[in-house]
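Residue numbers (the numbering used here): 1 to 355.
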């Protein structure tokens, strides 16, 4: 029997939809707080490397053992694509976040990372020559104005490290570029197979950069706090598994407009947790800049610019044309880009439960 293409909202149990959505809100909204706790007693890049290498090993081994479907056995070309996406999302994206959170409040980092859909729309216009709608232009202008307001507070002596802010901005740009590339990257059909590959490649890259940065000398197990160890375990078990699983389930069981609301909620959760438990200050300037950024994200997403389905790639493997880069969502905890919602029909079938 041919399955219906699109979210199966009629089959979903509404309470389960809200439970899954709440999991995405809470899990991806709390990852910035957890990263801050890890950074207190652990080297940031090497701890991120451990996180993704462990999660990637489990995910890749489990999904490969589940079956031998066509396109699931990766070859050199798939591993090369996974390395590119993994480095962009996990080394450039997540690595930039963990490095920025050494000196920048976690809530402010979350607000800067919320710029990802704005970067994607801008790249679409500059590199791909796509025409932008008026709401998108307004969203881009106001969004980057909000970012300038955030960064400007540090540049003018506002007490926030400017270098850390620039790392966060670079992370959001790297995430956007990696997500756009992943749309046409020749990766395996099943999302979790590609996710596992990206975790392994990105985790290895984080480890190499961490070693080159001299973090081996910062490893002192006797100084690891209980809070840091628990936070790292939380990031592995929940940030890398529960949040992603809930998100993929929502994609096939709920309206995309509802799923995309995590883009607005996650930064709010991050700001609140940083203020409540880490004594991170929330000034009027941060509130104003955050409202501008999140409002701009709403404009971009509701205008459809960030959810437009990509055209088929002529260079991909058979069965991979028009990839929407679901794998990219793994790294994008709390990141407001929802361009992955229009899955090709064969990808939607792969996300359906067996039987």
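Beta carbons are placed, not taken as given, at the ideal position from N, Cα and C, and that holds for glycine. The structure presented is a predicted model; accordingly, all values stated were derived computationally and were not measured.
Whole angstroms is fine: what's the gap from residue i's alpha carbon to residue j's?
{"i": "residue 264", "j": "residue 218", "result": "36 Å"}
{"i": "residue 195", "j": "residue 37", "result": "25 Å"}
{"i": "residue 148", "j": "residue 175", "result": "19 Å"}
{"i": "residue 30", "j": "residue 142", "result": "26 Å"}
{"i": "residue 202", "j": "residue 210", "result": "12 Å"}
{"i": "residue 15", "j": "residue 215", "result": "45 Å"}
{"i": "residue 161", "j": "residue 105", "result": "9 Å"}
{"i": "residue 213", "j": "residue 74", "result": "31 Å"}
{"i": "residue 229", "j": "residue 45", "result": "15 Å"}
{"i": "residue 17", "j": "residue 183", "result": "26 Å"}
{"i": "residue 250", "j": "residue 19", "result": "10 Å"}
{"i": "residue 26", "j": "residue 266", "result": "7 Å"}
{"i": "residue 272", "j": "residue 137", "result": "30 Å"}
{"i": "residue 356", "j": "residue 47", "result": "The shown model of the chain, from 1 to 355, leaves out residue 356, and the question about it has no answer."}
{"i": "residue 284", "j": "residue 66", "result": "51 Å"}
{"i": "residue 274", "j": "residue 287", "result": "14 Å"}
{"i": "residue 128", "j": "residue 169", "result": "22 Å"}
{"i": "residue 252", "j": "residue 87", "result": "28 Å"}
Quick one: residues in its chain with C-beta nearer than 8 Å to the C-beta of residue i, no 5 flanking neighbours on either side, listed in chain order?
{"i": "residue 224", "result": "41 and 42"}
{"i": "residue 140", "result": "118, 121, 122, 132, 296 and 300"}
{"i": "residue 21", "result": "246, 250, 254, 258, 259, 261 and 262"}
{"i": "residue 61", "result": "196"}
Looking at C-alpha atoms only, which residue of the options is the closest neighbour of residue i?
{"i": "residue 89", "options": "54, 26, 237 and 173", "result": "173"}
{"i": "residue 186", "options": "274, 253, 76 and 144", "result": "76"}
{"i": "residue 146", "options": "302, 294 and 303", "result": "294"}
{"i": "residue 291", "options": "279, 268 and 280", "result": "268"}
{"i": "residue 277", "options": "286, 252, 227 and 284", "result": "227"}
{"i": "residue 50", "options": "285, 275, 283 and 208", "result": "208"}
{"i": "residue 103", "options": "127, 239 and 280", "result": "280"}
Since residue i and residue j should fall inside the 8 Å C-beta cutoff, what is the C-beta to C-beta distance between them, to a whole number of angstroms?
{"i": "residue 150", "j": "residue 289", "result": "4 Å"}
{"i": "residue 171", "j": "residue 113", "result": "6 Å"}
{"i": "residue 95", "j": "residue 206", "result": "6 Å"}
{"i": "residue 236", "j": "residue 54", "result": "6 Å"}
{"i": "residue 181", "j": "residue 85", "result": "6 Å"}
{"i": "residue 135", "j": "residue 303", "result": "4 Å"}
Less than 6 Å between C-beta atoms, sequence neighbours within five positions excluded: which residues of the same chain meet that for residue i?
{"i": "residue 56", "result": "196, 199, 200 and 203"}
{"i": "residue 39", "result": "101 and 102"}
{"i": "residue 238", "result": "27"}
{"i": "residue 282", "result": "275"}
{"i": "residue 152", "result": "none"}
Give every residue of the same chain whose Cβ lies closer than 7 Å to the Cβ of residue i, excluding the five residues on either side of it in the sequence, and list them in chain order.
{"i": "residue 93", "result": "171, 174, 175, 178 and 331"}
{"i": "residue 234", "result": "34"}
{"i": "residue 270", "result": "29, 32, 33, 106, 107, 110 and 334"}
{"i": "residue 59", "result": "192, 195, 196 and 199"}
{"i": "residue 125", "result": "132"}
{"i": "residue 353", "result": "Confidence in residue 353 is poor, its pLDDT being 35 and thus under 50, which makes the residue's placement too unreliable to answer from."}
{"i": "residue 130", "result": "124"}
{"i": "residue 318", "result": "Bear in mind that the predicted position of residue 318 carries a pLDDT of just 29, short of 50, making it unreliable; the figure below should be weighed with that in mind. Closer than 7 Å at Cβ, skipping near neighbours: no residue."}
{"i": "residue 144", "result": "118"}
{"i": "residue 63", "result": "190, 192, 193 and 196"}
{"i": "residue 220", "result": "none"}
Return yes when the C-beta of residue i is under 7 Å from any heavy atom of the ligand GTP, and no when it is not.
{"i": "residue 119", "result": "Within the structure as shown, the ligand GTP is missing, as the structure has no ligands at all."}
Can you find a CB in chain B that lies within less than 8 Å of the CB of residue i?
{"i": "residue 201", "result": "Included in the structure is just one protein chain, with no chain B present."}
Quiz item: Any contact of the region 77–87 with the region 237–244, i.e. 3+ C-beta pairs under 8 Å?
Solution: no
Quiz item: Looking at C-beta atoms only, is the number of pairs between the region 251–263 and the region 96–108 that lie closer than 8 Å three or more?
Solution: no
Quiz item: If you pair each beta-carbon of the region 161–172 with each one of the region 101–115, do three or more pairs fall below 8 Å?
Solution: yes
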